[in-house]
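Peer 1: Using UniProt numbering, read the sequence shown as starting at 1 and increasing by one per residue. We put the beta carbon where it would ideally sit given N, CA and C, even for glycine. On a predicted model such as this, the values are computed, not experimentally measured, just so you know. Structure in structure tokens, see below.
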Amino acid sequence: MFSTEVKVGRIPVTGVQPSVQCGAVPAKAVIGEDVPVRATVFREGHDRLGATAVLYGPDGTEVQRVRMSEGAPGLDEYRATLRPGSVGPHTFTVEGWSDPFATWHHAATVKIEAGVDVELMLAEGGALFRKAAADPERSEADRSVLARAVRGLEDTTRDTAERLTAADDPDLAEALAARPIREFVSASPAYPLDVQRALAGRGAWYEFFPRSEGAVYHPESGTWSSGTFTTAARRLPAVAEMGFDVIYLPPIHPIGRTHRKGPNNTLEAGPQDPGSPWAIGSEEGGHDAIHPELGSAEDFAGFVARAEELGLEVALDLALQCSPDHPWVTEHPEWFTTQVDGTIAYAENPPKKYQDIYPLNFDNDPRGLRRAVLKVVELWIARGVKIFRVDNPHTKPLWFWEWLIAKVHRRHPEVVFLAEAFTRPAMMHALGRAGFQQSYSYFTWRNTREELAEYLHEVTAVTPAYYRPNFFVNTPDILTEFLQFGGPAGFKIRAVLAALSNPMWGVYAGFELFEHVARPGAEEYADNEKYEFRPRDFEGAQDRGESLAPFITRLNAIRRAHPALQDLQNLTLHTADNEEILVFSKSRRHQPEGQGTAPAGVVPSGAVFPGVPDAEALAASLPGLADTLIVVVNCDPHAAREATVSIDTQALDLRPQDLDAEGRFEVEDLITGARWRWGEQNYVRLDPFMEPAHVLRIVRED
């Protein structure tokens, strides 16, 4: 038997996006972000229709209403941009509705031109506007405009064509745009949108090992003195001056002695070898303790406070594994995997072996383990940590992350979790759906123009509702061949790509010094800092002109000055006739096109864009409708490349006043300061040994 229950509205609305698992999981967004909304809206017959995207705040009240525009002709797709102005669980719907004005206007234009039903069509228009004027929600000004249109349509002293022009009055168009005449309004289901703070989806990260910052070698004894939180804090001003937002620390806990790794991952450690920070736990404590050589809890609090003074937020590694000396091994042996010979299994990722680490087994005592981990996370939150970089989350069950992140967010909605997951796409995406706000990504291994273009399309247009990538250029584990053999130009290229294509990027210390020597046969650094102290002469290198720090500082300054670079889903790929030249643009309107109601309230700022002082300053920083940048990168670090760049000018939000008589517009290179006139076709030559990229701002002068 067929059900008699009607499952579609009078105006069907289908295929609403963003939607994750049909709305079972909230789509991701950050405060002030442009969130593209799409839906298929259609109806029977030939009458015209419209669509509206409506955003509801955490308390269920309507905060934004945006008229949607049609996408590709003939596909019934409608699009709009929502911009949430507050943090919290939002919802949105798409309303489809009959558009009597558009239907009448089209029919009247065609019929009157053909001399068919002339007076009837004019009378129908008058009746339509009278009905609209009776809307109690309309202003007196709108009613006056509508009454004027009625008089114009019914003025028999004028010819027919003149009477019809009354319906083309700009004031009428403005009134009907602000409050359309709508019939048969049919709303889609409400879809959840989780809006989080800025650093959940924006920000520049810098990683260093605090034990290396201030470490001293004593040649007379052949021993080291570890750096401390106090000495590491002395590095923070330089990190802040480079424009970073987050300072990320690898684990700071006691390190086990049993099977401690020596230099370059050797199996034998000497008495002075510090071991891997990821081999957590010793007689001095576990995940809740601080390595005594780094300092005390008070010293850590001082480090966090100094970071906050400089505008930095501390991110801490959450690595759920234990050294054989961790207190949990003796207190809770059931939390580990015991082999048939009675030994506890250490971690492996064949052919890699981690004899100094025992993985946790969440199947043996899931309730006990989750309580213990939650206690650890709560402890570090109390100590001022609001961001956790989670080590290898793909080696733990998804149910656990879904539970932990939801539990933490109920108490601490500001806490951010970054998934350090270099694994298969299905798992990386599932971690995002489980609650991780951001993730490491495949960017590190995407080097050619074709690879980069494909990946940028994927992360900005296919997966952003649930997967937000953080583009780290390097990590202690990853030194790609591109950096090993690309020279200083290769480092510049990767920095430009990471910093300007994505709202989140990260740097591991040493990148700015062009560190590029790999351990033979491995894609990681020789003399790896994971296993030994590695103090660096950052200031000396900069004084000698051997540091990338000034260039990184410039990139981060550009990011902060241009809100277009702080959104994920606003990237457009353009083309070039050289396979090594990648071209993309990013554009952000001061007010989304078609927006009828702005987000409620003035959003204070720094909350929206790190480094931008307030919402009014943001508006003042945009001299025109849009902030638009075009980035052109030579992906070959070894040779100059020439190309003709073809620009899709429709993606640039250009105004008539931005164009000259030949349809060209002015751009300024934010790296060199040079200015040119650009159009649809443009010649470029990029020498990687000089500057491997153009970062072009469209100059908009009112």
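Quick check: the Cα distance between residue 626 and residue 358, rounded to an integer number of angstroms?
Peer 2: About 53 Å.
Peer 1: Enumerate in chain order the residues of its own chain whose CB-to-CB distance from residue 676 is below 7 Å, with the five nearest sequence positions on each side excluded.
Peer 2: Taken in chain order, the residues that qualify are 667.
Peer 1: When you compare only the Cα positions, how much space is there between residue 501 and residue 155?
Peer 2: Spanning the two alpha carbons is a distance of roughly 57 Å.
Peer 1: Taking C-alpha atoms, which residue in 520, 504, 548 and 700 lies nearest to residue 202?
Peer 2: 504
Peer 1: Going straight from the alpha carbon of residue 7 to that of residue 42, what length do you get?
Peer 2: Taking the Cα positions, residue 7 is about 15 Å away from residue 42.
Peer 1: Contact between the stretch 272–283 and the stretch 253–262: three or more CB pairs below 8 Å?
Peer 2: yes
Peer 1: With 16 other CB atoms within 10 Å as the buried threshold, where does residue 245 fall?
Peer 2: buried
Peer 1: Pull up the CB-CB distance for residue 434 and residue 401, whole angstroms please, since I reckon it's below 8 Å.
Peer 2: 4 Å
Peer 1: Could you tell me the distance, in whole angstroms, from the CA atom of residue 404 to the CA atom of residue 436?
Peer 2: 10 Å
Peer 1: What residues in its chain sit with their C-beta under 6 Å from that of residue 109, if we drop five residues either side in the sequence?
Peer 2: none
Peer 1: Using CA coordinates, which residue listed in 295, 574, 453 and 525 is at the minimum distance from residue 679?
Peer 2: 574
Peer 1: Can you list, in chain order, the residues of its chain with a C-beta nearer than 8 Å to that of residue 524? Leave out the 5 residues immediately preceding and following it.
Peer 2: 476, 477, 478, 479 and 518
Peer 1: Within the stretch 169–232, note down every full alpha helix (DSSP H) run reaching 4 residues or more, in order along the chain.
Peer 2: 170–178
Peer 1: Can you list, in chain order, the stretches of the beta strand (DSSP E) that have 3 or more residues and sit fully within the stretch 631–687?
Peer 2: Whole beta strand (DSSP E) segments, 3+ residues: 641–646, 665–669, 675–678 and 681–686.
Peer 1: Give the secondary structure of residue 88 by DSSP, where H, G and I count as helix, E and B as strand, and everything else as coil.
Peer 2: DSSP places residue 88 in the strand class (E or B) of the three-state scheme.
Peer 1: Per DSSP, what are the beta-bridge partners of residue 569 in this structure?
Peer 2: Answer is none; residue 569 lacks a bridge partner.
Peer 1: For the alpha helix (DSSP H) that residue 160 lies in, which residues bound it at each end?
Peer 2: 160–165
Peer 1: How big is the Cα-Cα spacing for residue 178 and residue 669?
Peer 2: Rounded to the nearest angstrom, the two C-alpha atoms are 38 Å apart.
Peer 1: Taking residue 650 as the reference, which of 164, 636 and 665 has the closest Cα?
Peer 2: Cα-wise, what sits closest to residue 650 is 665.
Peer 1: Would you identify the three-state DSSP class for residue 584, choosing helix, strand or coil?
Peer 2: strand
Peer 1: Is residue 696 helix, strand or coil when you go by DSSP?
Peer 2: strand
Peer 1: Following the continuous alpha helix (DSSP H) through residue 706, name the residue where it begins and the one where it ends.
Peer 2: A question about residue 706 goes unanswered here, because the residues of the chain that appear run from 1 up to 702.
Peer 1: By a C-beta neighbour count over all protein chains shown, 10 Å radius and 16 as the cutoff for buried, is residue 33 buried or exposed?
Peer 2: Classification of residue 33: buried, given that the 10 Å Cβ count is 16 or more.
Peer 1: With distances taken between CB atoms, is the gap from residue 460 to residue 566 smaller than 7 Å?
Peer 2: no
Peer 1: Going by beta-carbon coordinates alone, are residue 93 and residue 188 separated by less than 7 Å?
Peer 2: yes
Peer 1: In angstroms, rounded to a whole number, what distance separates the CA positions of residue 598 and residue 379?
Peer 2: With a pLDDT of only 47 at residue 598, under the threshold of 50, the placement of this residue in the model should not be trusted; the figure read from the coordinates follows. The straight-line gap from Cα to Cα measures roughly 39 Å.
Peer 1: So, helix, strand or coil for residue 689, using DSSP?
Peer 2: Secondary structure of residue 689 (DSSP, three-state): coil.
Peer 1: Which residues in the same chain as residue 191 place their Cβ atom closer than 8 Å to its Cβ, once the five residues preceding and following it in sequence are excluded?
Peer 2: If the five residues before and after residue 191 are omitted, its C-beta is found closer than 8 Å to the C-beta atoms of 16, 18, 19, 23, 27, 91, 92 and 93, all from its own chain and listed in chain order.
Peer 1: Which of the three DSSP states is assigned to residue 574 in this structure?
Peer 2: strand
Peer 1: At a cut of 8 Å, does the stretch 504–514 reach the stretch 465–473 through at least three beta carbon pairs?
Peer 2: yes
Peer 1: Run through the DSSP bridge pairs and tell me what residue 359 is partnered with.
Peer 2: 321
Peer 1: Using 8 Å as the Cβ pair cut-off and three pairs as the minimum, do the stretch 45–56 and the stretch 197–214 touch?
Peer 2: no
Peer 1: Give a single yes or no on whether residue 531 has its beta carbon closer than 6 Å to a heavy atom of the ligand GTP.
Peer 2: Annotation note on the ligand GTP: not contained in the displayed structure, which lists no ligands.
Peer 1: Is it right to say residue 98 is buried, meaning 16 or more other beta carbons lie within 10 angstroms of its own, or is it exposed?
Peer 2: buried
Peer 1: How should residue 64 be labelled, buried or exposed, when 16 other C-beta atoms within 10 angstroms of its C-beta is the threshold for buried?
Peer 2: buried
Peer 1: Considering just the uninterrupted stretch of the alpha helix (DSSP H) at residue 129, what are its terminal residues?
Peer 2: Looking at the DSSP string, the run of the alpha helix (DSSP H) that includes residue 129 is 118–133.
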